[in-house]
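Comments concern the structure below.
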Ligand code: NAD
């Protein structure tokens with residue numbers, strides 16, 4: 014199979030589909046003939062993305078509210094999809110993100126900070142740490158449990174997790190997000206092995222840096238609109254010299270969902286403008 018025809022009319026659930034990357038993926042997938050189900054805790058965002066996808070591509074797209082951390086809400090949505098739309102062929106676990114509450118003020122501690130340890134690691138609040146870790150890890154685990162059961166019974170399906178550069182090497186300031194994304198890569202491998210003999214493939218994509226709601230506060234100065242020092246560091250560490258455009262993830266996603274990748278399971282593909290290949294010198 015060397016084309017994307019096998020994807021036509023297949024049903025793809027995208028969690029976090031109301032966000033920047035999820036909505037762009039929904040558009041790209043619908044443009045290739047997939048039926049998309051946009052799931053988001055923000056119902057208005059889910060519905061408006063689904064409406065825009067239908068308007069722009071002519072494909073059916075549905076926006077439904079669910080919380081990826083609430084198993085019951087996921088089960089209700091799964092039932093609705095089975096009854097009103099059909100079998101779920103693909104799941105993209107896109108809900109995730111970081112929060113200022115799980116971000117240290119300092120990149121690293123120096124001798125000068127010894128009287129001010131709360132600006133670093135010691136100032137992290139468990140509530141924020143747990144919230145970010147749970148959203149990214151448990152928010153991938155629970156939808157997978159709920160939406161892959163029928164895939165396994167039918168012995169056909171693909172799960173695609175959204176990882177991050179932080180999974181390979183943690184970025185400063187964001188330990189909860191980094192740990193959660195590393196755990197997503199580990200879980201991707203674990204589940205890929207677990208499902209390998211029942212026809213369900215599990216892979217991940219690690220996007221490089223894209224300017225979106227979850228990271229804008231770290232990368233762009235609110236008042237001037239200029240890149241922060243961190244934003245500039247990221248660009249200089251990205252050999253292609255730019256942030257990614259959300260649409261850059263579509264091609265890799267289509268490949269991993271389609272039968273073109275039928276012998277690929279348990280991998281994580283970076284889509285990062287060369288960031289993960291660059292040693293910094
Ligand atoms: P985004 O903030 O634009 O979108 C995230 C979406 O998830 C939002 O619509 C939000 O409402 C939804 N969401 C949050 N909590 C939820 C919950 N409990 N249940 C259901 N939905 C929930 O962010 P994005 O940049 O589009 O991120 C999408 C994915 O890509 C995330 O997993 C993120 O970690 C990952 N990622 C982003 C970047 C980047 O540079 N932007 C880089 C690497 C990975």
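Residue numbers (the numbering used here): 14 to 294.
Note that the Cβ used here is the ideal one computed from N, Cα and C, for glycine as well.
Values in this document were obtained by computation on a predicted structure and should not be read as measured data.
Sixteen is the threshold: since fewer than 16 other Cβ atoms of the shown chains lie within 10 Å of the Cβ of residue 127, the residue is exposed. Beta-bridge partners assigned by DSSP to residue 143: none are found.
Partner residues in the beta bridge of residue 50, as assigned by DSSP, are 26, 75. Placement of the Cβ of residue 33 at a distance of less than 7 Å from at least one heavy atom of the ligand NAD is found. The beta carbons of residue 107 and residue 28 sit about 5 Å from each other, so the pair counts as a contact at 8 Å. Relative to residue 143, the option among 112, 64, 125, 70 whose CA is nearest is 112.
Inter-residue distance for residue 69 and residue 158 is about 32 Å (C-alpha atoms, whole angstroms). Of the residues 42, 67, 91, the one whose Cα lies closest to the Cα of residue 78 is 91. By a beta-carbon distance limit of 8 Å, residue 294 does not contact residue 221. Their separation comes to about 19 Å. Taking 7 Å as the cut-off, the C-beta of residue 49 does not count as close to any heavy atom of the ligand NAD. DSSP places residue 216 in the uninterrupted beta strand (DSSP E) bounded by 213-220. Its Cα nearest to that of residue 67, the residue 40 stands out among 231, 271, 40. Around residue 208, the same chain offers 165, 215 as residues with beta carbons nearer than 7 Å, after the five sequence neighbours per side are excluded. Taking a 10 Å sphere around the C-beta of residue 206, we find fewer than 16 other C-beta atoms and assign the residue as exposed.
Distance between residue 213 and residue 120, taken at the CA atoms: about 40 Å. Scanning its chain for C-beta atoms nearer than 7 Å, with the 5 sequence neighbours on each side dropped, one finds around residue 168 the residues 211, 212, in chain order. Rounded to whole angstroms, the gap between the alpha carbons of residue 46 and residue 262 is 17 Å. The continuous stretches of alpha helix (DSSP H) do not include residue 16, and DSSP gives it neither H nor E. In this structure, residue 227 has its beta carbon less than 7 Å from a heavy atom of the ligand NAD. Non-local C-beta neighbours of residue 174 in its own chain, meaning closer than 6 Å and more than five positions away in sequence, comprise 106, 153, 197, 201, 217, ordered along the chain. Between the alpha carbons of residue 61 and residue 76 lies a distance of about 7 Å. Of the residues 236, 18, 52, the one whose Cα lies closest to the Cα of residue 82 is 52.
By the neighbour-count criterion, in which 16 or more other beta carbons inside 10 Å mark a residue as buried, residue 186 falls on the buried side.
Residue 179 counts as buried, since no fewer than 16 other beta carbons sit within 10 angstroms of its beta carbon. Proximity of the beta carbon of residue 28 to the ligand NAD is indicated: a heavy atom of the ligand is located closer than 7 Å.
Pairing residue 172 with residue 87 gives a Cβ-Cβ distance that is not under 8 Å.
Restricting attention to beta strand (DSSP E) runs no shorter than 3 residues, the stretch 141-197 encloses them at 170-175, ordered along the chain. Taking the CA atoms as reference points, residue 195 sits about 30 Å from residue 124. Selection 93, 282, 270, 278 evaluated against residue 17 yields 270 as nearest (Cα-Cα).
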